[in-house]
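Participant: Per full-length UniProt numbering, the sequence shown runs over residues 1 to 873. We treat Cβ as the ideally placed atom computed from N, Cα and C, and that holds for glycine.
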Amino acid sequence: MDESIKQARTLLQGEQPSPEGSVLRKLVKELKGALEFALASQVLARARHHAPGDIWIVQQLALCAYKDEERPPATRFAEALALLEGIGLRDPGNRNAETLALGGAVYKRRWEQFGKLEDLHEALVFYRAAYERNPEEDMGYGGVNAAFVLDRLAARAASVAARTGTDPVEAEALRAKARALREDMAVELPRAAERNPALEGQYWYVATLAEIQFGLGNYTQAGEWLAKARNIETKEWERQTTFRQLVTLARLQGIEAPIENRDSVKWHPAWQALAELLGEETELALSCYRGKVGLALSGGGFRASFFHLGVLARLAETDVLRSVEVLSTVSGGSIVGAHYYLAVRHWLQSHPDRGISRSDYLAMVSELQKQFLAGVQRNPRMQVLARLGENLRMIFRKDRSRSHRLGEIFEEALYGRVADGHLLDQPRVLAELLIKPAGESDPDSFKPRFSNWRRRARVPALLLNATSLNTGHAWQFSARWMGEPPGLIGTEVDVNERLRRPYYRDMPTEALRQYRLGHAVAASACVPGLFEPLVIEGLYPERTVRLVDGGVHDNQGVAGLLDEGCTLILCSDASGQMDDQSNPSDRLVGVPLRANSILMKRVRDIQYQDLVARLDSRAIEGLFFVHLKKDLASEPLDWIGSDEPRSEPQHTGQRTPYGVDRDLQSKLAALRTDLDSFTEVEAHALMLSGYLMTEHQFRELQQGHEKEGQPGTWGDYDVGAPRGDWSFLALEELLGQPPDSPDVRRKDLGLQLQVGAARLFKVWRLVPAFRVAGWAALIAALLAIATLTATFWNTPLPSLAPTLGALVLILALIAAGLMVPALKWVQPERAMRGHLRKGLIAVAGFVASRVHLAFFDRLYLARGRVGRLLGLK
1 MDESIKQART
11 LLQGEQPSPE
21 GSVLRKLVKE
31 LKGALEFALA
41 SQVLARARHH
51 APGDIWIVQQ
61 LALCAYKDEE
71 RPPATRFAEA
81 LALLEGIGLR
91 DPGNRNAETL
101 ALGGAVYKRR
111 WEQFGKLEDL
121 HEALVFYRAA
131 YERNPEEDMG
141 YGGVNAAFVL
151 DRLAARAASV
161 AARTGTDPVE
171 AEALRAKARA
181 LREDMAVELP
191 RAAERNPALE
201 GQYWYVATLA
211 EIQFGLGNYT
221 QAGEWLAKAR
231 NIETKEWERQ
241 TTFRQLVTLA
251 RLQGIEAPIE
261 NRDSVKWHPA
271 WQALAELLGE
281 ETELALSCYR
291 GKVGLALSGG
301 GFRASFFHLG
311 VLARLAETDV
321 LRSVEVLSTV
331 SGGSIVGAHY
341 YLAVRHWLQS
351 HPDRGISRSD
361 YLAMVSELQK
371 QFLAGVQRNP
381 RMQVLARLGE
391 NLRMIFRKDR
401 SRSHRLGEIF
411 EEALYGRVAD
421 GHLLDQPRVL
431 AELLIKPAGE
441 SDPDSFKPRF
451 SNWRRRARVP
461 ALLLNATSLN
471 TGHAWQFSAR
481 WMGEPPGLIG
491 TEVDVNERLR
501 RPYYRDMPTE
511 ALRQYRLGHA
521 VAASACVPGL
531 FEPLVIEGLY
541 PERTVRLVDG
551 GVHDNQGVAG
561 LLDEGCTLIL
571 CSDASGQMDD
581 QSNPSDRLVG
591 VPLRANSILM
601 KRVRDIQYQD
611 LVARLDSRAI
621 EGLFFVHLKK
631 DLASEPLDWI
641 GSDEPRSEPQ
651 HTGQRTPYGV
661 DRDLQSKLAA
671 LRTDLDSFTE
681 VEAHALMLSG
691 YLMTEHQFRE
701 LQQGHEKEGQ
711 PGTWGDYDVG
721 APRGDWSFLA
731 LEELLGQPPD
741 SPDVRRKDLG
751 LQLQVGAARL
761 FKVWRLVPAF
771 RVAGWAALIA
781 ALLAIATLTA
791 TFWNTPLPSL
801 APTLGALVLI
811 LALIAAGLMV
821 PALKWVQPER
831 AMRGHLRKGL
841 IAVAGFVASR
851 VHLAFFDRLY
861 LARGRVGRLL
871 GLK
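1) Quick check: the Cα distance between His351 and Asp263, rounded to an integer number of angstroms?
2) Which same chain residues, not among the five before or five after Trp347, have their C-beta less than 8 Å away from its C-beta?
3) Note the first and the last residue of the continuous beta strand (DSSP E) segment covering Arg402.
4) Expressed to the nearest angstrom, what Euclidean distance is found between the alpha-carbon atoms of Trp201 and Ile232?
5) Run through DSSP, which three-state label would Tyr691 get?
6) Give the straight-line distance between the Cα atoms of Val591 and Pro584, rounded to the nearest whole angstrom.
7) Locate the beta strand (DSSP E) running through His627, then write down its first and last residues.
8) How is Leu216 classed by DSSP in three states: helix, strand or coil?
9) Specify the secondary structure class of Tyr504 as computed by DSSP and reduced to three states.
10) What does DSSP give as the partner residues of Ala466 in its beta bridges?
11) If you draw a straight line from the C-alpha of Ala162 to the C-alpha of Lys707, how long is it?
12) Among the residues of its own chain, which have a CB less than 8 Å from the CB of Ile5, if the five just before and after it don't count?
13) Would residue 958 pass as a contact of Ala273 if the rule is Cβ separation under 7 Å?
14) If you check the beta carbons only, do Leu463 and Ser323 fall under 7 Å apart?
15) If the criterion is Cβ atoms closer than 7 Å, does the pair Gln383 and Ile409 meet it?
16) Asp151 lies in the alpha helix (DSSP H); which residues open and close that run?
17) Measuring alpha carbon to alpha carbon, tell me which residue in Asp167, Ala147, Ala198 and Asn794 is nearest Arg175.
18) Please report how far the alpha carbon of Glu829 lies from the alpha carbon of Leu859, in whole angstroms.
19) Only counting runs of 3 or more residues, tell me where the beta strand (DSSP E) segments fall wholly within the region 513-544, in order along the chain.
20) For Tyr340 and Trp237, what's the separation of their Cα atoms in angstroms?
21) Would you mind giving the Cβ-Cβ distance between Ala685 and Leu668, rounded to the nearest angstrom? I have them listed as a contact below 8 Å.
22) DSSP three-state call for Val495: helix, strand or coil?
23) Can at least three beta-carbon pairs, one atom from the region 839-858 and one from the region 741-758, be found at a separation below 8 Å?
24) For Gln607 and Arg182, I'd like the C-alpha separation in whole angstroms.
25) Which residues bound the beta strand (DSSP E) around Asp573?
26) Hey, which unbroken runs of the alpha helix (DSSP H) at 4 residues or more fall wholly within the region 21-94?
27) Is the beta carbon of Val320 closer than 7 Å to that of Tyr289?
28) Helix, strand or coil: how does DSSP classify Trp481 here?
29) Near Gln113, which residues of its chain fall below 6 Å by C-beta distance, leaving aside the five closest residues on each side in sequence?
30) Tell me the DSSP secondary structure of Thr329 in three-state form.
31) Where does Gly279 sit, in a helix, a strand or coil, going by DSSP?
32) Going by Cα to Cα distance, which pick from Leu488, Gly709, Gly715 and Leu424 is closest to Gln697?
33) State the CB to CB distance for the pair Ser334 and Ala461, rounded to an integer number of angstroms; the pair is presumed to be in contact (CB under 8 Å).
34) With distances taken Cα to Cα, identify the nearest neighbour of Glu635 among Asp580, Gln665 and Arg516.
35) Assess, as a yes-or-no matter, whether the region 150-157 is touched by the region 186-198 under the definition of 3 or more beta carbon pairs within less than 8 Å.
36) Report all residues from its chain with a CB closer than 6 Å to the CB of Leu252; omit the five preceding and five following residues, and keep chain order.
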C-alpha cells in the first residue's frame, strides 16, 4: 500500500502522463484499499482530463468523493451525486448497474449521516433499478442491498404498528417485496456461474449468494456459501462488511443474539451459519449485534463528573461499558472521561479480550470513583494559584496561563492515580495514549474503527471536545490527531474556514507532537470568563488558535458520536440547564448572559429533537439519554384573574420515578458547575442520582423495546442486572425523603446541597459557630473604628493631617480608588497591566489559595463527610 501511495504522489508531482487501463485501475484499487480516497480522487481527476468520456473514471470519482471523510459530509455527498447525474443517474433509460448502485450507496450513506428517511427511500429506488434494469451486470449487488433496505423499512413499520396497536400491514408488504426480490436472485445468480465458473472464486459473488439465502432464512445453504467465502482471500474490511450486514439482517428478522459463553451447538441456525465465515471468533464478533456504541459525557464542571460516575456504575453493571467504541466528552465529562479512558487503556493492554469480563469494568469504575473524589478534594481550582513560582510564570510568560496550569494539576491530582506504570513526574502525551490491546496479532497497528469488530471488549476511541474561537467550529483532541472534524461542519450555511486536523506525527513542532493530555482536557473545560482560552501557536499559518469549553459548541458531546458513525447512543447530560426567573435582569451584563442561556437551551432542544428523529428513521438503533432535571417538569402558570382551570400536573407525588425527592433533585441540578472541592455528600448524592436515573431509564427502554415486539433486551444488555455494593447507595433512603421529613439527616442533606450551589463562602453558611464568630469579629472591628474615630475626631495629627476625621476621609477616598481598578477583574486583560500589580496579584493569589486550602477547605470537607451526615440524630 505504501508503494501505491508513493507512486500516486510521484505521478501527481511529475509531468509524466496519467496511467491508463489496467494500470490505472490497479493503482486506484490499491489507494481505495488504503483508504486514501482524496489521493485516489486526484489521480482520477488527472486521468479524466485525458479521457473525459470514460464512465468508469467518473464512477470511481463519485465513489471516492462520498467516502472521503476528510471532507464535510454535505459537500462530498452533493459532489458524488452531481458526478453520477452527469452520467445519467436519473435517466429512466440508464441501464448502467454500477452507476445506479452507486447512487443507492450515496443516498444510504446520507441517511446514515443525517437521519432523513427520504434518503433511505431514494436509496431503495436506485438499488432496485440497478438489479431490475440490468441483473447480468449488477450481479446481485443492487438487489441484495434493495432487499436489505426493504427489511429495514419493514422493521420500522412493524415497530410503529406495535406501538399503535394496529395491524402490521405495511411491514408485511415490505417484507414480501424483499422476499420476492431474493427469491428471484436465488434463481438468476447461480446461472451466471454456470456461464462463468470463475465467479465462484470471487469473494463478492459468493458473499452475495450467502446473503440471499440468509435473508430467505435458508441458513444451511447460507452457511455453505459462507464456508466458501472463508476460503477466498480477501481484505479484512470486506469480510467485516459481510459479517455486519448479516448480523444486522438477523436482528431485523427478530433473532436474539446468543448468550455469552453458550455452547455454539445450541446457537440459532443463523449464528451457526455465520460461524462458517469466522470460526471460533464468531462469538466475540457477534457483539456487533447492537450496532456501534457511543457514550457521551456532558460538560458541567465537577458536578457533571460525579453524576457521570454514577451513570458509569450502572452501565458497568448492565455490561454496557465493554461494548463502548467511542467516548465523546466535554468539559467536566472530559475531566472524568480521560481518567476512565486511562484506566480502561491499562486494563486492555494488560489482559487479552477473552480474559476481560463485566466484573473488570465494575472494579475499574469502583476504583475510579475513589481516585476521582480524592483528586477533586485537593481543590484543583485553588491549586492553580498555590505555587508562587507558577503564578509569576503565568503572569509574565505568554505561553503560560491558568488553563495550562489547571491541565497539569489534572495530571498530577487525578490521572497520576492510575496505576499504569506512568512516571508521576512525566507529562502524559496524547500521541502515546493509543491503546495497544493485549492478545492482538499486531497491537501496534490496531485501529479501533477497523479492528474492533472481532472483539467483545471493544477498544474505545477518546474524543475530547473543545470550541475554536477562531472559526466557531468544534475542535477535537484524540490519541491520533487534533483539529476541526469535517463531519461537524455544515457547508450550506457555514462559510468559515476549517482548521484541518493533522496527525501528531505530521505536526510542525516537537511541542505540538508531544501535546499533553492535561492541556487538551483543560481546553475542553476552559469556561469562558473563568479561565483564559487555551492557546495553540505555530500549527496554522498566520493563525493563533484559541480554544474554550467544548460546551460552547456542543455541551452534550453527541455530535462527535454521530460523526463517528455510532448507531447506539448513550448520553449522560449533567450540563447546566436554564432556570426560570420571576424577574429577569435588565442590566447591561445580566441581559446578554440570560440571552446566551436561552440560546444554549435552544441548541440543546434542537439537538435532542434531531436524535429522536434519527431514532424514528432508524438511522440510529437506540437512544439512552439521562439528565439532571429529568422528571422535574414544571406546571403551567395561570394568568392573574384566570377563570379557566389549570392544566393537570405533569407529575404526581413528591418523588421522581427513579426514587429521588424532587426538591433534592432540584438542588442537585442547581449545584455549582465549578472545579473546586466537592464534599463526600455532594459527590455521593450526584453519583446516586446518576445511578438511579440510569437504572430507571433502562427499565423504560426495555418496556418500549417489548412494546414494539423486539426480541431479547434493549441493546442486548443485561438491563435488569443486580446492584453492586456501591458506597453512594448509603444515601438512597435519605435522598428519597420529602422536605417535611422529621429526620434531621434529611434536613442537613438539604442544607448541604442548597449551600453547594454557591461558589463562595460555603463553609460560612454551613458552620454556624464560624459564621457567628466572623460576624462578631467584623462588628467588633467596626465598632472599635467608630469609637476611636468619634473620640479623636478633632485631634490633630502632627505632620500628617490636621485631624483624624480628615485622615479617615482621605483613607476612604484611597480605598475607593483601589476598588475601582479591582473591578477591572471582570476583564482580566486590563487587570494584568503593570508589572508591579501583576507581581502583587501573584503573591496575593498564592497567599489566599494557601490559606483557603489549609483552613477553609478542610472545614468544608469535614462538614460534608457522609459518615457525619448518617451519624446525626
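Facilitator: Quick look at the numbers:
1) Here residue 351 corresponds to residue number 351 of the sequence shown, with the count starting at 1. Here residue 263 corresponds to residue number 263 of the sequence shown, with the count starting at 1. So the alpha carbons of these two residues sit roughly 23 Å apart.
2) Residue mapping note: residue 347 aligns to position 347 of the sequence shown, counting from 1. Only Ile356, Asp360 and Met364 meet the Cβ criterion.
3) If you number the sequence shown from 1, residue 402 lands on position 402. Unbroken run through Arg402 is the alpha helix (DSSP H), Arg402 to Ala413; no beta strand (DSSP E).
4) In the sequence shown, counting from the first residue as 1, residue 201 sits at position 201. In the sequence shown, counting from the first residue as 1, residue 232 sits at position 232. Here residue 201 turns out to be Gly, not Trp, going by the sequence shown. Each residue's alpha carbon lies about 7 Å from the other.
5) Your numbering for residue 691 matches position 691 in the sequence shown. Helix, per DSSP.
6) As a position in the sequence shown, residue 591 is number 591, starting the count at 1. As a position in the sequence shown, residue 584 is number 584, starting the count at 1. Cα to Cα, the separation comes out at about 8 Å.
7) As a working mapping, residue 627 is identified with position 627 in the sequence shown. Run containing His627: Gly622 to His627, per the beta strand (DSSP E) assignment.
8) Indexing the sequence shown from 1 puts residue 216 at position 216. Reduced to three states, the DSSP call for Leu216 is coil.
9) Against the sequence shown, residue 504 aligns to sequence position 504. Looking at Tyr504 - three-state DSSP - the assignment turns out to be helix.
10) The count along the sequence shown starts at 1 and reaches residue 466 at position 466. Bridge partners of Ala466: Trp475 and Asp549.
11) Numbered from 1 along the sequence shown, position 162 holds the residue referred to as residue 162. Numbered from 1 along the sequence shown, position 707 holds the residue referred to as residue 707. Near 6 Å, if we compare the C-alpha coordinates of Lys707 and Ala162.
12) Counted from its first residue, the sequence shown places residue 5 at position 5. Excluding sequence neighbours, Ile5 sits near Leu31, Ala34, Glu36 and Leu39.
13) For the chain, the structure presents residues 1 to 873; residue 958 sits outside this window and is missing.
14) Against the sequence shown, residue 463 aligns to sequence position 463. Against the sequence shown, residue 323 aligns to sequence position 323. Cβ distance not < 7 Å, so Leu463 and Ser323 don't count as in contact.
15) Within the sequence shown, numbered from 1, the residue matching residue 383 stands at position 383. Within the sequence shown, numbered from 1, the residue matching residue 409 stands at position 409. A contact, by the Cβ cut-off of 7 Å.
16) Here residue 151 refers to the residue found at position 151 when the sequence shown is read from its first residue. Tyr141 to Thr164 is the span of the alpha helix (DSSP H), which, as asked, contains Asp151.
17) What you label residue 175 is simply residue 175 of the sequence shown in a count that begins at 1. The shortest C-alpha separation from Arg175 is found at Ala147.
18) Indexing the sequence shown from 1 puts residue 829 at position 829. Indexing the sequence shown from 1 puts residue 859 at position 859. Annotation note: pLDDT 43 at Glu829 (below 50); position unreliable, no value reported.
19) 534-537
20) By 1-based counting over the sequence shown, the position of residue 340 is 340. By 1-based counting over the sequence shown, the position of residue 237 is 237. Roughly 29 Å separates the two Cα atoms.
21) Within the sequence shown, residue 685 is the residue found at index 685, counting from 1. Within the sequence shown, residue 668 is the residue found at index 668, counting from 1. About 6 Å separates the two Cβ atoms, so the contact holds.
22) Residue numbering aside, residue 495 sits at position 495 when the sequence shown is read from its first letter. If DSSP states are grouped into helix, strand and coil, Val495 belongs with coil.
23) no
24) Here residue 607 corresponds to residue number 607 of the sequence shown, with the count starting at 1. Here residue 182 corresponds to residue number 182 of the sequence shown, with the count starting at 1. Their Cα atoms are separated by approximately 38 Å.
25) Position 573 of the sequence shown holds residue 573. Start and end: Leu568 to Asp573.
26) 21-33, 37-50, 55-67 and 73-85
27) Here the question's residue 289 lines up with position 289 in the sequence shown. Here the question's residue 320 lines up with position 320 in the sequence shown. Going by C-beta atoms, Tyr289 is not nearer than 7 Å to Val320.
28) Here residue 481 corresponds to residue number 481 of the sequence shown, with the count starting at 1. Residue state, collapsed to three classes: strand.
29) The residue labelled residue 113 in the question sits at position 113 within the sequence shown. Excluding residues within five positions, the ones whose Cβ falls inside 6 Å are Pro73.
30) Your numbering for residue 329 matches position 329 in the sequence shown. Of the three classes helix, strand and coil, the one that applies to Thr329 here is strand, per DSSP.
31) As a position in the sequence shown, residue 279 is number 279, starting the count at 1. DSSP places Gly279 in helix when its eight states are reduced to three.
32) Within the sequence shown, numbered from 1, the residue matching residue 697 stands at position 697. The shortest Cα separation from Gln697 among Leu488, Gly709, Gly715 and Leu424 belongs to Gly715.
33) Within the sequence shown, residue 334 is the residue found at index 334, counting from 1. Within the sequence shown, residue 461 is the residue found at index 461, counting from 1. That belief does not hold up - the Cβ atoms of Ser334 and Ala461 are roughly 14 Å apart, past 8 Å.
34) Translated into positions along the sequence shown, residue 635 becomes position 635. If we check each option's Cα against that of Glu635, Asp580 comes out closest.
35) no
36) What you label residue 252 is simply residue 252 of the sequence shown in a count that begins at 1. For Leu252, where only same-chain residues beyond five positions count, the Cβ hits under 6 Å are Asp151 and Ala155.
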